[in-house]
Each structure stands twice: as structure tokens, then as C-alpha cells.
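Below you'll find the structure, written out as C-alpha cells, and then a few comments.
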Amino acid sequence: MPVLQVKGVYKSFGGLLALAGVSLAVERGERRSLVGPNGAGKSTFFRVIGGEHRPDRGEVFLFDQRVTGWPPHRLARLGMARTFQTSSLFPEKTVLEHVILALLVRDRLRRRFWPTPLHHLEAEAREVLARLGLEGREGVEVRFLSYGEQRQVELAMALAQVPLLLLLDEPLAGLSEEERHRIREILKGLPRDMTILLIEHDLDFAYAFADRVTVLHQGQVLAEGLPGEVRRDPRVVEVYVGG
Ligand code: ADP
Ligand code: MG
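So in UniProt numbering, spot 210 of the sequence shown is number 210, and the numbers just go up one at a time.
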């Protein structure tokens, strides 16, 4: 049973057809990279899966359940988490407060009757932050963090939910070389049963990370398959050479 199945999704903005019939199935535990030139429709595709955009046509299934048009919090309840391409943090809250907030939301969505005691949440949040190399930064307000550290906090918030399906939209964008290295290592070390869909412009990483790769071009799937095959596919080479 695929974790995620998308069937013939269309999405247009005014006269612009951003997605023109995209279908895709991702198996449990699979790492799938989604690549393609700027404007190919990758982020729009994530927004359709993530419930921010309702598709004009087509269907989305999560764990065999039809979830087309569901809002993000209902998808989170089924185990989907995502990071955003732009920052969505509270400048005057600390790093630790952000992760505790993510844990509170998780518990709330899972309809736990008894709230987890705050000191348990705090311990769990500190653990997640340590895993992401943010040890020692817990008490710092987010506005004082570097851009790269802010992206790490967003990732920490997503991972705190222990998602079954994680959507990552360009997690390496805008980071320093050192930060890129750290995030790549963290992503490689995530539990194998976590299904991950990755959009990434760093093609070396996108291809190395993935079990399978899907190439989007002008709102359609241009190629899909094993990383080595897709990367050599003449149609894919042409799109990247042609810009
Ligand atoms: P990618 O992430 O692959 O670079 P996007 O999904 O962001 O591509 O964009 C695909 C196309 O849809 C682009 O032409 C973009 O300008 C357009 N687009 C995306 N979001 C919107 C929006 N909210 N309103 C209008 N046009 C949009
Ligand atoms: Mg994008």
C-alpha cells in the first residue's frame, strides 16, 4: 500500500497551468526526490498534497484514505508534516518554545485526553534539538538566529511530530556550506520507516538521497525511476541544459 498516492492533479492560477495532470505513488519508507527547473510546479505540488491548495482536478490519497482538499491540521493528524520554503516562526519566542509548541500541537491533534506534563515535553524538545545540533541554543529567541539555524528550528518542529510522511521543500536553500553538511547528515540519519518527499535544487544530494526520483517539468512528470537512470535520461539532461 502506498503511503501517498496522487492521481491526475491539475492546478492553475489564472491562465497559468502550474500542474497539468501529475500522478505519483510513494511507498512506505521510501525516499523520493522531486526535482525540476524553477517554475516546474514542485512547490505547488507540495501545497496540493499539504492541503494549502485544493486541486482543480485529481485526487490525493494518504494511507488509502481520500484526503483531497483536506486542511493541513487534518493531514497532520494522519501523520503528515512539512517544512516551508519561507520562514514561519515567531521572532520573539525561543527555540525551545517553538519545539514545545510543535509537541503540544501534536498531542492536541492526536486527541490525547491527558495533557503531557510540561517537563516531559521540555525533555523531549531538548532531545529533538540536540539531534539537530541546536544544543545550547534552546533559550535563544528565534530572531537572533542565523537563517540556517531558523531552518533547523523548522525542521525540528516537523520532526517533533514524529511524522509518517515528511515533506521537505528545499531544506538546503540559503544555508552555509557547514549548515548544508549538517542538514544532509540529519536527513540521511532519519528513521528508515519515515517516508520522505524531498524537493531540492542541490541535485547531487537529491539524487544521492533518493530511492527514486521524479522529474517535474512544466507541470508534468517528465521522468521517474531510479536515480542513476533518471539522471542519465536524455529528456532530463535536455531540460537541465536548456534551463
Ligand atoms: P517550483 O517550486 O517548481 O519552482 P512553483 O510550484 O513555485 O514551481 O510554481 C509553478 C508555477 O506556478 C510558476 O509559474 C509560478 O509562478 C506559478 N505559481 C505558483 N504559485 C502561484 C500563486 N499562488 N499564484 C500565481 N502563480 C503561482
Ligand atoms: Mg519551489
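Note that CB positions come from ideal geometry on N, CA and C, so glycine has one too.
Inset, instruction - Report back the beta-carbon spacing between L89 and V128 to the nearest angstrom; my notes put them in contact at under 8 Å. - result: Actually they are not in contact, since the Cβ atoms of L89 and V128 sit about 15 Å apart, beyond 8 Å.
Inset, instruction - With a threshold of 7 Å, establish whether the CB of G15 neighbours any heavy atom of the ligand ADP. - result: no
Inset, instruction - Measure the CB-CB distance between R137 and E149 and report whether it falls below 8 Å. - result: yes
Legend entry - V236, DSSP secondary structure in three states: Here V236 sits in helix by DSSP.
Legend entry - beta-carbon S33 near the ligand MG non-hydrogen atom, thresh 7 Å: no
Legend entry - Range covered by the beta strand (DSSP E) that runs through S33: 31-35
Inset, instruction - Compute the Euclidean distance between the alpha carbons of A210 and P37, then round it to the nearest angstrom. - result: 18 Å
Inset, instruction - Can you tell me which of D56, R151, E122 puts its alpha carbon nearest to the alpha carbon of S176? - result: R151
Legend entry - C-beta atoms of Q220 and A20 nearer than 8 Å: yes
Legend entry - Near the ligand ADP: A223 beta-carbon under 7 Å from a heavy atom: No, the ligand ADP has no heavy atom inside 7 Å of this Cβ.
Inset, instruction - Report yes if the C-beta distance between I196 and L168 is below 8 Å; otherwise report no. - result: Against a cut-off of 8 Å, the Cβ pair of L168 and I196 comes out as a contact.
Inset, instruction - Specify whether the stretch 201-209 and the stretch 22-35 touch according to this definition: at least 3 beta carbon pairs, one from each stretch, less than 8 Å apart. - result: Verdict: yes, contact present.
Inset, instruction - Following the continuous alpha helix (DSSP H) through G79, name the residue where it begins and the one where it ends. - result: Premise fails: G79 is in no alpha helix (DSSP H) and is neither H nor E.
Legend entry - Segment contact, 8 Å Cβ cut-off, at least three pairs: the stretch 40-50 with the stretch 3-11: With a cut-off of 8 Å on Cβ pairs, the stretch 40-50 is in contact with the stretch 3-11, counting three or more such pairs.
Inset, instruction - Would you check whether the ligand ADP has a heavy atom nearer than 7 Å to the C-beta of A18? - result: At least one heavy atom of the ligand ADP is nearer than 7 Å to the Cβ of A18, so yes.
Inset, instruction - Evaluate contact between the stretch 220-237 and the stretch 181-190, counting only Cβ atoms and requiring at least three cross-stretch pairs below 8 Å. - result: no
Inset, instruction - Work out the CA separation of R235 and D107 for me, nearest whole Å. - result: 46 Å
Inset, instruction - Check whether the Cβ of A206 lies closer than 7 Å to any heavy atom of the ligand ADP, and answer yes or no. - result: Not one heavy atom of the ligand ADP lies closer than 7 Å to the C-beta of A206.
Legend entry - Neighbour-count burial assignment, A40, 16 or more Cβ in a 10 Å radius: buried
Inset, instruction - Could you please give the first and the last residue of the uninterrupted beta strand (DSSP E) stretch that includes T214? - result: 212-217
Legend entry - Under the three-state DSSP convention, the category L198 falls into: strand
Inset, instruction - State buried or exposed for H73, treating a residue as buried only when at least 16 other CB atoms are found within 10 Å of its CB. - result: The residue in question, H73, is exposed, as its Cβ has fewer than 16 Cβ neighbours within 10 Å.
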